[in-house]
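One line per chain: the protein sequences are A and B, in this order.
Residue 219, in our numbering, is where the first sequence stops; the numbers in between run on with no holes.
Residue 219, in our numbering, is where the second sequence stops; the numbers in between run on with no holes.
Number of protein chains: 2
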Amino acid sequence: MPIRSLIKASSPAVKPAVVKRPSFREKQFQAREDAILSVVNRILSTKGYDLMTMDEVAAEVGIAKPSLYKHFDSKEMLAATAMTRLLDRALLQIKAQAVEQPALDSLKAVLRWALTAHLEGNMPLLPSTRSTIRQALVNHAPYVERLIQLTDAIGQWIQQARKEGQICKSVPDELVMFTLFARACDPTLQFLRETGQYTNAQIVELMVQVCFEGFT
Amino acid sequence: MPIRSLIKASSPAVKPAVVKRPSFREKQFQAREDAILSVVNRILSTKGYDLMTMDEVAAEVGIAKPSLYKHFDSKEMLAATAMTRLLDRALLQIKAQAVEQPALDSLKAVLRWALTAHLEGNMPLLPSTRSTIRQALVNHAPYVERLIQLTDAIGQWIQQARKEGQICKSVPDELVMFTLFARACDPTLQFLRETGQYTNAQIVELMVQVCFEGFT
DNA sequence: GTCTATATTGGGATAGAC
DNA sequence: GTCTATCCCAATATAGAC
């Protein structure tokens, strides 16, 4: 019996001696996966999950539909991965906030970031829709894990802002939290853009102002 | 030639001497149509247009699917009719507003009405979704006609409220209008309800307060 | 006008060649 | 791993009996 096959059979965990760097093929595979997720983000941010089709994704990426399924097991997993990546970015952005500024400014900054991401087509608008994806997300551990981190961080800012007297007594913490999430997917954003009268920066500032101060 | 048929032939517009009251059959037909539209409103307010199926509608009404198509030519027409009926109710509610009160109170009242309707399952959440129904609505003249009336009435209140110094100078009229429409379909409503901590009335008041005054 | 049964299309997922 | 060609199910819409 040849030695190689004996080793293979007896110790399947043994790796090759050379430390494996990602091959060209592997890098290309990773790059393609990023390309897919970018396309998915853009489609999700305009049409939402239910109206997104796998044919459409494949066509926009420039690959065949079955190739999609080599990267992601299903449409639900594809969307869940995109959402998880989005939450990763949100967490990065939150950690980058200065600690010295008033907590209310941190909250405004994170909303500003989300609105900008939405306008640039990087913000899936899932929470606003009772989509079939919601259950899949709840069952997707990596997503839930990041969502908990995110709500923890924002929740602390909200409590801090309240201590600093920046939040009205009659508005409960959770309402602030829900409102911030909802504003990130607010159709008002699309409406304002469709008027063609404002720059993206102006739209973001208007939305933040109305969200925190109302009309008055 | 018999007189009756002569009359019939020469003046087809002549109606029978007896004033035709709706027959039992016709009343039943109308009642069924109302039942269908109520079911559609409820489904639209929870799942939205794309996730609503004609099977589901028929099953909940308690009739067979083909019977639906005796009342409405297509799923799009069914939703458009439901939406038009909703706008009719909104217009009625607007006309019922007292003219003496401050315009801002009128705006709050109409939002309160819309939020209550939503909580009771009578408010389709179409504007919040880039749904396939949007194009059909734009092409549905009765809907567009009422939408124009509605935006006209609300637009006048907004201008009046501004004259009365109730709206911040930096917030344009159209942003107020868009925001009111968006709040009527806000997912925050669902979030608050799912906590189970508030009555419907409390939810409505919280939403109105945050919409007009923000968090502060 | 209402039903049972069916035509048809769109889209998620896959078999098998290369 | 990627493609072409296909399966299969769900959902809109309809045919035809009563």
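Glycine included, C-beta positions come from ideal geometry on N, C-alpha and C.
A quick note: this is a predicted structure, and the numbers were derived from the prediction, not measured.
Measuring only the C-alpha atoms, how far is Ala144 (chain B) from His74 (chain B)? Distance between the alpha carbons of Ala144 (chain B) and His74 (chain B): 18 angstroms.
Could you check whether the Cβ of Thr202 (chain A) sits closer than 9 angstroms to any Cβ belonging to chain B? Chain B contact via Cβ: absent.
By the three-class DSSP mapping on this structure, what secondary structure does His143 (chain A) have? His143 (chain A) falls in the coil class under three-state DSSP.
Quick one: what does DSSP say Met57 (chain A) is sitting in, helix, strand or coil? Helix at Met57 (chain A).
Start and end residues, alpha helix (DSSP H) containing Val174 (chain B): Run containing Val174 (chain B): none; DSSP gives neither H nor E here.
Which of helix, strand or coil DSSP assigns to Val102 (chain A): DSSP places Val102 (chain A) in coil when its eight states are reduced to three.
Please state whether DSSP places Gln205 (chain A) in a helix, a strand or coil. Gln205 (chain A): helix per DSSP, three-state reduction.
Mark Ile157 (chain B) as exposed unless 16 or more other C-beta atoms lie within 10 angstroms of its C-beta, in which case mark it buried. Within 10 angstroms of the beta-carbon of Ile157 (chain B) lie 16 or more other beta-carbons, which makes it buried.
Is it true that the region 30-41 of chain B meets the region 197-215 of chain B, where meeting means three or more beta-carbon pairs spaced less than 8 angstroms apart? Taking 8 angstroms as the limit for Cβ pairs, the verdict is that the region 197-215 of chain B does not touch the region 30-41 of chain B.
Inter-residue spacing [alpha-carbon to alpha-carbon] between Thr182 (chain B) and Arg88 (chain B): Going from the Cα of Thr182 (chain B) to the Cα of Arg88 (chain B) covers about 22 angstroms.
What three-state label does DSSP hand Ser8 (chain A) in the structure shown? Note on Ser8 (chain A): pLDDT 34, under 50, position unreliable in the model; the coordinate value appears next. Ser8 (chain A): helix per DSSP, three-state reduction.
Report the neighbours of Leu71 (chain B) on chain A: residues whose CB is nearer than 7 angstroms to its CB, in chain order. The contacting residues do not exist; Leu71 (chain B) stays about 22 angstroms from chain A at best.
Limits of the unbroken alpha helix (DSSP H) element including Phe218 (chain A): Run containing Phe218 (chain A): none; DSSP gives neither H nor E here.
Is any beta-carbon of chain B found at less than 9 angstroms from that of Gly1 (chain A)? Outside the shown range of chain A, which is 4 to 219, sits residue 1 (chain A), and nothing can be said about it.
Close-in-space but distant-in-sequence residues of the same chain around Lys111 (chain B) (CB under 6 angstroms, 5 per side omitted): These residues qualify, in order along the chain: Val211.
Neighbourhood of Val179 (chain A) by C-beta, 6 angstroms cutoff - its chain only, sequence neighbours within 5 removed: Correct list, in chain order: Ile161.
Going along the chain, which residues of the region 183-194 of chain B sit with their C-beta nearer than 7 angstroms to a C-beta in chain A? For the region 183-194 of chain B, the residues whose beta carbon sits under 7 angstroms from a beta carbon of chain A are, in order, Ala185, Asp189, Pro190, Thr191, Phe194.
With DSSP as the reference, label Gly158 (chain A) as helix, strand or coil. Here DSSP, grouped into helix, strand and coil, assigns Gly158 (chain A) to helix.
Taking all protein chains shown into account, do 16 or more other C-beta atoms lie within 10 angstroms of the C-beta of Thr191 (chain A), making it buried, or fewer, making it exposed? With 16 or more Cβ atoms within 10 Å of its Cβ, Thr191 (chain A) is classed as buried.
Close-in-space but distant-in-sequence residues of the same chain around Ala61 (chain A) (CB under 8 angstroms, 5 per side omitted): Around Ala61 (chain A): Ala67, Lys68, Ser70, Leu71.
Residue nearest to Arg1 (chain B) in terms of C-alpha spacing, selected from B:Ala93, B:Thr56, B:Leu81: For chain B, the structure presents residues 4 to 219; residue 1 (chain B) sits outside this window and is missing.
Span separating the alpha-carbon of Val2 (chain A) from that of Met80 (chain A): Only positions 4 to 219 of chain A appear in the structure, and residue 2 (chain A) is not among them; the question remains open.
Out of A:Ala204, A:Glu216, A:Leu40, which one is the CA nearest neighbour of Ala82 (chain A)? Here the closest residue by C-alpha is A:Leu40.
Determine the burial state of Lys98 (chain A): buried for a count of at least 16 other Cβ atoms within 10 Å of its Cβ, exposed for fewer. Classification of Lys98 (chain A): exposed, given that the 10 Å Cβ count is below 16.
Would you mind giving the Cβ-Cβ distance between Leu122 (chain A) and Asn203 (chain A), rounded to the nearest angstrom? I have them listed as a contact below 8 angstroms. Indeed they touch by this definition, with Cβ atoms about 5 angstroms apart.
Since Thr49 (chain A) is in the alpha helix (DSSP H), which residue starts that stretch and which ends it? It spans 27-49 - the alpha helix (DSSP H) in which Thr49 (chain A) sits, taken as one unbroken run.
Pick from B:Gly65, B:Asp91, B:Thr56 that is closest to Val147 (chain B), judged by C-alpha positions: Among B:Gly65, B:Asp91, B:Thr56, the Cα nearest to that of Val147 (chain B) belongs to B:Asp91.
Output needed in chain order: residues of the region 171-182 of chain A with a Cβ under 9 angstroms from some Cβ in chain B. Legend: CB atoms of the region 171-182 of chain A lying less than 9 angstroms from CB atoms of chain B belong to residues Cys171, Ser173, Val174, Pro175, Glu177, Leu178, Val179, Met180, Phe181, Thr182.
Can Ala106 (chain B) and Gln152 (chain B) be called in contact, C-beta distance under 9 angstroms? Pairing Ala106 (chain B) with Gln152 (chain B) gives a Cβ-Cβ distance that is not under 9 angstroms.
Straight-line CA distance for Ser109 (chain B) to Lys50 (chain A)? Just so you know, the alpha carbons of Ser109 (chain B) and Lys50 (chain A) end up roughly 34 angstroms apart.
Checking contacts by CB at 9 angstroms: is Thr56 (chain A) closer than that to chain B? Contact with chain B is absent for Thr56 (chain A), since none of that chain's Cβ atoms lies less than 9 angstroms from the residue's Cβ.
Name the chain A residues that come within less than 7 angstroms of Asp53 (chain B), Cβ to Cβ? Result: Asp53, Leu54.
When you compare the CB positions of Leu54 (chain B) and Asp53 (chain A), do they come within less than 9 angstroms of one another, or not? Yes; because the gap between Cβ atoms is below 9 angstroms, this pair is in contact.
Does the beta-carbon of Phe215 (chain A) have 16 or more other beta-carbons within 10 angstroms, so that it is buried, or is it exposed? Taking every protein chain shown into account, the CB of Phe215 (chain A) has 16 or more other CB atoms within 10 angstroms, so this residue is buried.
Looking only at its own chain, which residues have a Cβ that is under 7 angstroms from the Cβ of Ser48 (chain A), when we skip the five neighbours before and after it? Here the set comprises His121, Gly124, Asn125, Met126, Pro127, Leu128.
Below 9 angstroms on C-beta distance, what does Leu209 (chain B) contact in chain A? Within 9 angstroms Cβ-Cβ: Ser173, Val174, Pro175, Leu178.
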